[in-house]
Amino acid sequence: NPVRLFVGASATTGGAAHAVTQDVVVLEEKDDKFNWLSENLPRILDEAQEEDGQVLIFVNQKSGASELAVAVREFMSLPCEALHGDSDQNERMKIMADFRSRKTKVLVATDVASRGLDIPSVKEVVCYDMSNTLTTHTHRLGRTGRAGHTGHATTLMVKKDNSAKMAAELVEYME
Numbered sequence: 001n002p003v004r005l006f007v008g009a010s011a012t013t014g015g016a017a018h019a020v021t022q023d024v025v026v027l028e029e030k031d032d033k034f035n036w037l038s039e040n041l042p043r044i045l046d047e048a049q050e051e052d053g054q055v056l057i058f059v060n061q062k063s064g065a066s067e068l069a070v071a072v073r074e075f076m077s078l079p080c081e082a083l084h085g086d087s088d089q090n091e092r093m094k095i096m097a098d099f100r101s102r103k104t105k106v107l108v109a110t111d112v113a114s115r116g117l118d119i120p121s122v123k124e125v126v127c128y129d130m131s132n133t134l135t136t137h138t139h140r141l142g143r144t145g146r147a148g149h150t151g152h153a154t155t156l157m158v159k160k161d162n163s164a165k166m167a168a169e170l171v172e173y174m175e
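Residue numbers (full-length UniProt numbering): 1 to 175.
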């Protein structure tokens, strides 16, 4: 069962992420993450698109971003691109233009997109890989629920890796 957290300050005091709710999904094995994503991403995207929204998926490694974007395109037949530090400037600009114009519905990114990316149409953030710090995790979640819109985030954790060790700390940090 997911744990639901409300991130940021209350609506009366403001705060960058006051309109973001988060689910944490704990999985048995690392390989279960792709199975979870393939079962849930079509529904998540459908729900986001009901509000003309998009999905942003965070991973920790550049190679992981490219591989996951290809898998989403090929196995799930969803319009998806990857954004990471190895992309040249022209490629990054095209990827972002396609995402901003909603031509691309799903963007898989490293933390190059965790700060400074302001796209109010991002309705869902999926933390496919748990970030290495809670501060970075908070910045990732801050990519949704912007400009008065609501947002949702799902963080995938695996029992048998370091992300599970952060679960209790994450709950305490987000409260």
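We treat Cβ as the ideally placed atom computed from N, Cα and C, and that holds for glycine.
* To do: Can you tell me which of the three DSSP states Thr-133 falls into?
  => Three-state result, Thr-133: coil.
* **Residue of Asp-118, Pro-120, Thr-110, Gly-148 minimising C-alpha distance to Asn-132** => Thr-110
* Asked: Going by alpha carbons, who is nearest to Arg-100 out of Cys-80, Met-76, Asp-161, Phe-75?
  -> Cys-80
* Asked: DSSP state of Glu-67, grouped into three classes?
  -> helix
* To do: Please determine, among Ile-44, Lys-30, Asp-86, the residue with the shortest C-alpha to C-alpha distance to Gln-54.
  => Ile-44
* On a CA-only basis, which of Leu-83, Gln-61, Arg-102 is nearest Ser-121? Give me that one, please. => Arg-102
* Asked: Should the region 89-99 be called in touch with the region 137-156, which here means at least 3 C-beta pairs below 8 Å?
  -> no
* To do: May I have a chain-ordered list of the alpha helix (DSSP H) segments no shorter than 4 residues that lie completely inside the region 71-136?
  => For the region 71-136, whole alpha helix (DSSP H) runs of length 4 or above, ordered along the chain, are 89-100.
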